[in-house]
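Below: one structure, written as structure tokens.
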Amino acid sequence: KSTSGRIQFLGGDKLVSWSSKKQDCTSMSSAEAEYVSLSACCAQVLWMRTQLTDYGFQFDKIPMYCDSKAAIAISCNPVQHSRTKHIDVRYHFIKEQVKKGIVELFFVGTEYQFADLFTKALPVK
Numbered sequence: 753k754s755t756s757g758r759i760q761f762l763g764g765d766k767l768v769s770w771s772s773k774k775q776d777c778t779s780m781s782s783a784e785a786e787y788v789s790l791s792a793c794c795a796q797v798l799w800m801r802t803q804l805t806d807y808g809f810q811f812d813k814i815p816m817y818c819d820s821k822a823a824i825a826i827s828c829n830p831v832q833h834s835r836t837k838h839i840d841v842r843y844h845f846i847k848e849q850v851k852k853g854i855v856e857l858f859f860v861g862t863e864y865q866f867a868d869l870f871t872k873a874l875p876v877k
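Residues 753 to 877 in our numbering are what the sequence shown spells out, letter by letter.
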């Protein structure tokens, strides 16, 4: 089983939430593991959005950054392909949010992915 790591910032520079958790499913590829993690992060972000909206904050598209182009491609493609049909339907939650324009996904290189602090041993620089 893979480990998901996620970090949420408010306003781009204020750390407000973080998590490291073993996934409750066994992924068949690293793309699937990243997709599952991205979906869980999206759920957390939308919960935070609801809370902040109650306090009067307004949001446009919420940017989410991922270091897996494959996970982003799966999330942005509304068509269910044979390569992804085995993924549990609950993880496809993020596809709907992307389609509605609530979240927007961006690729970020691994060297800039802060969430990797929670998932792997990183070299000393």
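Glycine included, C-beta positions come from ideal geometry on N, C-alpha and C.
Local Cβ density within 10 Å of residue i, reported as buried at 16 or more and exposed below that
i: E848; result: exposed
i: S789; result: buried
i: V850; result: buried
Cα-Cα separation, residue i to residue j
i: C794; j: C828; result: 13 Å
i: K821; j: F859; result: 6 Å
i: L804; j: Q760; result: 13 Å
i: G853; j: A792; result: 17 Å
i: Y843; j: T802; result: 20 Å
i: D776; j: D765; result: 30 Å
i: D812; j: D806; result: 15 Å
Own chain, CB closer than 6 Å to residue i, minus 5 neighbours either side, in chain order
i: D819; result: V860, T862, Q865
i: K773; result: S756
Residues of its chain near residue i, where Cβ-Cβ distance is below 8 Å and the 5 sequence neighbours each way are ignored
i: D797; result: According to the sequence displayed, residue 797 carries Val and not Asp. Excluding positions up to five away in sequence, the list reads Q760, I814, M816, V855.
Beta-carbon contacts of residue i that lie in its chain and below 7 Å, excluding the five residues immediately before and after
i: A823; result: A783, E786, Y787, L790
i: L857; result: M816, C818, I824, S827, C828, V850
i: Q810; result: none
i: L762; result: V768
i: F845; result: S791, C794, A795
C-beta atoms of residue i and residue j nearer than 9 Å
i: M800; j: S769; result: yes
i: R758; j: S771; result: yes
Three-way DSSP call (helix, strand, coil) for residue i in this model
i: K773; result: strand
i: K753; result: coil
i: I814; result: strand
i: F809; result: coil
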